[in-house]
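Below: one structure, written as structure tokens.
Shown next as structure tokens:
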């Protein structure tokens, strides 16, 4: 089984980067459409890199069995390649934020690659998303009929009430990615979600984690963030719930998501600095 290859996209430049933020999108969505507006709101010294799921957006298809751990490894590999090529600095903090499936990747990164990150944000996601049988059934349907079969249902699940009417161009851009996603890659990712469950590992978390959930999200409601916070050691997880937001928070509420991320990144860097200073004193 080969590791999926994910393609990265520069979402926001920084003249003298003091930090890197790597962001990911959920199943059926593209990172450019989901994150562009939120990325533009980041501080001037924050370089924002996005990555697309296999068969979505800029990433090539991957029709092999895949796990969320594989995706996390692929993200780390992609960041290493960018650093080796001099496209991102290797001497500044790297933070991660992912939505839905890439939010599951955020948890996997925090568990398996905490030494590589300064913080991780789990957005509209959970330690277990949905039920395995439902994901397997969706995989079978999409493999046979294609991703356009998911557009109507996704439009209902993804956005808070009234969002499509207020922002048709934003919603259409995201749904366009779903319609054109590779059906085999989509099916393999459904199977990855069917197998994903790290609820019994939350106590291992040590990396600062932020959870952001929409109060109208029927897929991963705010209770999913609370579950992560309760399962993790005290003080590791911060939680935020956003009103009038469903399952695509960076698109639905870019200002609020950007503000929460900056606050969490600042806090994580300050805590790391304090820890380093304390060790030096010893």
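In the numbering used here, the protein residues as written are 125 to 406.
Each residue gets a CB set at the ideal place from its N, CA and C atoms; glycine is no exception.
From the listed residues 358, 364, 360 and 359, the smallest Cα separation to residue 348 is found for 364. According to the DSSP assignment, residue 252 belongs to no beta strand (DSSP E), since it is labelled neither H nor E. The C-beta of residue 357 has fewer than 16 other C-beta atoms within 10 Å across all chains shown, which makes the residue exposed.
In this structure, DSSP gives residue 329 a state outside helix and strand, which the three-state scheme calls coil. The three-state secondary structure of residue 322, taken from DSSP, is coil.
In the structure shown, the three-state DSSP call for residue 355 is helix. The Cβ atoms of residue 244 and residue 234 lie closer than 9 angstroms to each other. Approximately 6 angstroms separates the beta-carbon atoms of residue 247 and residue 221; this is inside 8 angstroms, confirming the contact. Just so you know, the alpha carbons of residue 303 and residue 275 end up roughly 7 angstroms apart. Judged by their CB atoms, residue 368 and residue 376 are nearer to each other than the 9 angstroms cut-off. In this chain, the beta strand (DSSP E) harbouring residue 135 covers 132-136.
For residue 384, the enclosing alpha helix (DSSP H) stretches over residues 378-405.
Measuring C-alpha to C-alpha distances from residue 281 to each of 141, 153, 142 and 132 identifies 153 as the nearest. Minimum Cα-Cα distance from residue 137 among the listed residues 157, 405 and 172 corresponds to 172. Nearest in C-alpha terms to residue 256, of all of 353, 311 and 286, is 311. By the CB criterion at 9 angstroms, residue 361 and residue 334 fall inside the cutoff. Taking residue 207 as the centre and dropping the five residues before and after it, the same chain places the C-beta of 214 closer than 7 angstroms to its C-beta, in chain order.
Beyond the five residues adjoining it in sequence on each side, residue 331 comes within less than 7 angstroms, by CB distance, of 234, 238, 241, 243 and 244 in the same chain, given in chain order.
The beta carbon of residue 181 sits closer than 7 angstroms to the beta carbons of 154, 155, 156 and 301 from its chain, once the five residues preceding and following it are set aside; these are given in chain order.
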